[in-house]
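Okay, structure first, notes after.
In the UniProt record's numbering, the protein residues as written are 1 to 237.
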């Protein structure tokens, strides 16, 4: 899709396909605070705060996320701030979300740069394509510019290959299923035996099915079945 590929910038971090439609994907992925929180916590980040979108999935709509990143070798624990913004919105076709990631507490370089991640989500035939690309923007001079760019690229590739992709494969279908409308079984509308010669067995079966349809066990069965039908397909970048 040339139109989408022309919107990429910097390093392509991931190219991923999920079975389903684009609007349901957005609701389960971007407009689901639980999913965003759980995704951040996969890396060991703590104190995750997910804000609300200012104007749904319209162009210009923004959402703020912040969390505490755990300490790593050579990098102390620090607070990270993400500003997410819809910059392209063609319902049913394609969306672009730009994430500006700031880490001002990083020693020496935290106030010199920001990471710009661009996520492009497009509707394909029966699938949703998700691509993420990255650039590092410097707004102040730094002798460590090369080191920062190299580290940001390596960390981005590691996150999307080792954490994001497996999480999308194993956990995202569950979040997707939660937003689907429940199936309504109207057993009362089924035709009844006018002669009622079943010695009560017909009516008993209907009652049993009604209880089953309303039970938690039946809901779990439906969710598991839908999860299999929405299994994501991963392609290699």
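Note that CB positions come from ideal geometry on N, CA and C, so glycine has one too.
Values in this document were obtained by computation on a predicted structure and should not be read as measured data.
| said: Does residue 109 come out as helix, strand or coil in the three-state DSSP assignment? | reply: The count along the chain shown starts at 1 and reaches residue 109 at position 109. Note: residue 109 maps to coil in three-state DSSP.
| Rounded to a whole number of angstroms, what is the C-alpha to C-alpha distance between residue 46 and residue 163? | The count along the chain shown starts at 1 and reaches residue 46 at position 46. The count along the chain shown starts at 1 and reaches residue 163 at position 163. As the crow flies, the alpha-carbon of residue 46 is around 16 Å from that of residue 163.
| query | If you run the structure through DSSP and keep just helix, strand and coil, what is residue 121? | reply | As a working note, residue 121 is residue 121 in the chain shown. DSSP places residue 121 in the strand class (E or B) of the three-state scheme.
| task | Return the residue from the list 57, 28, 51, 68 that minimises the CA-CA distance to residue 43. | result | The residue labelled residue 43 in the question sits at position 43 within the chain shown. Residue 43 has its Cα closest to that of 68, out of 57, 28, 51, 68.
| query | Measuring CB to CB, does residue 78 end up less than 8 Å from residue 103? | reply | Along the chain shown, one-based indexing puts residue 78 at 78. Along the chain shown, one-based indexing puts residue 103 at 103. Contact: yes.
| said: Give me the residue from 135, 119, 147, 51 with the minimum Cα distance to residue 128. | reply: Taking the first residue of the chain shown as position 1, residue 128 is located at position 128. Its Cα nearest to that of residue 128, the residue 119 stands out among 135, 119, 147, 51.
| For the region 132-149 against the region 107-115, are there 3 or more C-beta pairs whose distance is under 8 Å? | The region 132-149 is in contact with the region 107-115.
| query | Mind checking residue 40: buried by the 16 CB within 10 Å criterion, or exposed? | reply | As a working mapping, residue 40 is identified with position 40 in the chain shown. In this structure residue 40 is buried. Its beta-carbon is surrounded by 16 or more other beta-carbon atoms within 10 angstroms.
| query | In angstroms, rounded to a whole number, what distance separates the CA positions of residue 155 and residue 18? | reply | On the chain shown, residue 155 is found 155 positions in, with the first residue counted as 1. On the chain shown, residue 18 is found 18 positions in, with the first residue counted as 1. Approximately 23 Å, taken between the alpha carbons.
| said: Measuring straight from C-alpha to C-alpha, what distance separates residue 169 and residue 176? | reply: Sequence index remark: in the chain shown, residue 169 carries index 169 (1-based). Sequence index remark: in the chain shown, residue 176 carries index 176 (1-based). Cα atoms of residue 169 and residue 176: separation of roughly 12 Å, rounded to the nearest angstrom.
| Once you ignore the five residues that flank residue 80 on each side, which residues in its own chain have a CB closer than 6 Å to its CB? | The residue given as residue 80 occupies position 80 in the chain shown. Short of 6 Å from the beta carbon of residue 80, and not among the five residues preceding or following it, lie these beta carbons of its own chain, in chain order: 67, 69, 103.
| field | Local conformation of residue 42 per DSSP, three classes | value | Position 42 of the chain shown holds residue 42. Coil.
| field | Alpha-carbon to alpha-carbon, residue 37 and residue 96 | value | Position 96 of the chain shown holds residue 96. Position 37 of the chain shown holds residue 37. Straight-line spacing of the CA atoms in residue 96 and residue 37 works out to 21 Å.
| field | Completely contained alpha helix (DSSP H) runs for the region 2-79, where each covers 4 or more residues | value | Within the region 2-79, the complete alpha helix (DSSP H) segments at least 4 residues long are 2-5, 22-29, 33-41, listed from N- to C-terminus.
| message | Excluding the 5 residues flanking residue 131 on each side, which residues of the same chain have their C-beta closer than 6 Å to its C-beta? | response | Numbered from its first residue, the chain shown carries residue 131 at position 131. The beta carbon of residue 131 sits closer than 6 Å to the beta carbons of 15, 120 from its chain, once the five residues preceding and following it are set aside; these are given in chain order.
| said: Between the alpha carbons of residue 58 and residue 167, how many angstroms are there, rounded? | reply: Here residue 58 refers to the residue found at position 58 of the chain shown. Here residue 167 refers to the residue found at position 167 of the chain shown. In a straight line, the C-alpha of residue 58 is about 27 Å away from that of residue 167.
| Span separating the alpha-carbon of residue 150 from that of residue 160 | As a working mapping, residue 150 is identified with position 150 in the chain shown. As a working mapping, residue 160 is identified with position 160 in the chain shown. Distance between the alpha carbons of residue 150 and residue 160 is about 16 Å.
| message | Less than 8 Å between the C-beta atoms of residue 10 and residue 122, yes or no? | response | Numbered from 1 along the chain shown, position 10 holds the residue referred to as residue 10. Numbered from 1 along the chain shown, position 122 holds the residue referred to as residue 122. Here residue 10 is not near residue 122, since their CB atoms are 8 Å or more apart.
| query | Whose C-beta lies closer than 8 Å to the C-beta of residue 157 among residues of the same chain, with five residues either side of it excluded? | reply | For this step, residue 157 is matched to residue 157 along the chain shown. So the qualifying residues of the chain are 11, 13.
| request: Give me whichever residues DSSP pairs with residue 133 in a beta bridge. | output: Here the question's residue 133 lines up with position 133 in the chain shown. BP columns for residue 133 point to 12, 118.
| message | Under DSSP, the beta strand (DSSP E) around residue 175 begins and ends at which residues? | response | If you number the chain shown from 1, residue 175 lands on position 175. Per DSSP, residue 175 belongs to no beta strand (DSSP E); it is in the alpha helix (DSSP H), 172-179.
| field | Separation of residue 146 from residue 108, as counted between CA atoms | value | Position 108 of the chain shown holds residue 108. Position 146 of the chain shown holds residue 146. In a straight line, the C-alpha of residue 108 is about 14 Å away from that of residue 146.
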